[in-house]
Amino acid sequence: KIFSRHQRLEYSEIISYKGCSSGKWFALTGLLPQEDCIAGVTQLFSVSQNITQCIAAHVVTFAEYQFDGNLHPSTILCVASRDADTNIGKVHVIELGPHIKGNLAPSSHTDILKLTDEEDRYDFPISLQVAAKYRMLYIFTKYGQLYLCDIETATSLVSTAISTSIVFSTALSTATQGILAVCRKGQVLSIDIKSDQLTHHIRHVLGKPLLADKLQKLLPPKSKTKSVGRTKSLTVKSTPPKPKTRAMQVL
Numbered sequence: 429k430i431f432s433r434h435q436r437l438e439y440s441e442i443i444s445y446k447g448c449s450s451g452k453w454f455a456l457t458g459l460l461p462q463e464d465c466i467a468g469v470t471q472l473f474s475v476s477q478n479i480t481q482c483i484a485a486h487v488v489t490f491a492e493y494q495f496d497g498n499l500h501p502s503t504i505l506c507v508a509s510r511d512a513d514t515n516i517g518k519v520h521v522i523e524l525g526p527h528i529k530g531n532l533a534p535s536s537h538t539d540i541l542k543l544t545d546e547e548d549r550y551d552f553p554i555s556l557q558v559a560a561k562y563r564m565l566y567i568f569t570k571y572g573q574l575y576l577c578d579i580e581t582a583t584s585l586v587s588t589a590i591s592t593s594i595v596f597s598t599a600l601s602t603a604t605q606g607i608l609a610v611c612r613k614g615q616v617l618s619i620d621i622k623s624d625q626l627t628h629h630i631r632h633v634l635g636k637p638l639l640a641d642k643l644q645k646l647l648p649p650k651s652k653t654k655s656v657g658r659t660k661s662l663t664v665k666s667t668p669p670k671p672k673t674r675a676m677q678v679l
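Numbers 429 to 679, taken from this note's numbering, label the letters of the sequence shown in order.
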């Protein structure tokens, strides 16, 4: 037994239990139905301090990431939520302690997730995947919306609909640093970053040329895959036929 479940999670539906690679931090997440929304509660536990804390969060994950100016990687907590009162989505990237000698002071960053359907209060983040190699954070909502964020600053870069069906499971592809997602219809979605369009969007639409330059050095070179269609920031690419599978590229 590592820690006891907090009383705030007593009547919740437990959907996630995560731990960092060092075994110093753990997180237990549950969902609670309310009058007109689904609330998320996450219990954080620090092993070294033997302290627990509950935060409003629908989904969290831990990762190892080396911030600019730091000599060593540190443990980060990535959080995505949708506030039950304001209906506003948020993303947080929090550098956890203890402080590592040679690194700068631990940092914390947050940004707003601009939810596309303000009337549907039952959509909420259900999955977080971290591609530390490309400093990317993928956030998926229950009803098929994808948000791409910068880990270093928690900046929300772009969002797009990837499925009209409920997405219930995702995983990071270690080979491509892209995402595999499974929806209720049985489709397996393969999602990869199209670096040239993403950096162009960051530079000219978001007006962040310095961020675009940094990401351009990290992201894979321009894909040679033929583009056969495009919807918003989503590009469908041709792949060998597979049953109930479609492959997509974001930006």
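The C-beta atom is built at its ideal place from N, Cα and C for all residues, glycine as well.
Asked	Found
Indicate whether the contact test is met: 3 or more Cβ pairs, each with one atom in the region 593-609 and one in the region 576-585, closer than 8 angstroms.	no
Spell out a yes or no on whether the region 492-500 and the region 461-478 are touching, meaning 3 or more CB-CB pairs, one atom from each, closer than 8 angstroms.	no
Using the C-alpha atoms, what's the distance from Leu460 back to His484?	In the sequence as presented, His is not what sits at residue 484; that position holds Ala. Roughly 11 angstroms between the two C-alpha positions.
Mind checking whether Leu556 and Ala508 have CB atoms under 9 angstroms apart?	yes
If we count Cβ pairs, one from each stretch, closer than 8 angstroms, do we get three or more for the region 532-539 versus the region 439-459?	no
Identify, in the order they occur along the chain, each residue of the same chain with its Cβ nearer than 6 angstroms to the Cβ of Asp551, setting aside the five sequence neighbours on each side.	Thr569, Lys570, Tyr571
Which complete beta strand (DSSP E) runs does the region 493-543 hold, if anything under 3 residues is left out?	502-510, 517-523, 536-541
Using a Cβ-Cβ cutoff of less than 6 angstroms, which residues in the same chain neighbour Pro671 once the five nearest sequence positions on both sides are dropped?	Here Pro671 scores only 37 on pLDDT, less than 50, and its place in the model should not be relied on; the value that follows carries that caveat. There are no such residues.
Where do the N-terminal and C-terminal ends of the alpha helix (DSSP H) with Ser623 fall, by residue?	623-628
Is it the case that the Cβ atoms of Val487 and Leu505 are separated by a distance below 9 angstroms?	no
Please look up how many angstroms separate the CB atoms of Thr503 and His520, rounded, as I've assumed it's under 8 angstroms.	No, Thr503 and His520 are not in contact; Cβ-Cβ is about 14 angstroms, not under 8 angstroms.
Please look up how many angstroms separate the CB atoms of Ser587 and Gln573, rounded, as I've assumed it's under 8 angstroms.	6 angstroms
Does the separation of the CB atoms of Tyr566 and Ile619 fall below 9 angstroms?	yes
In whole angstroms, what separates the C-alpha of Tyr439 from that of Leu639?	43 angstroms
Report buried or exposed for Ser432, applying the criterion of at least 16 other Cβ atoms within 10 angstroms of its Cβ.	exposed
From Val633 to Ala609, what distance separates their C-alpha atoms?	28 angstroms
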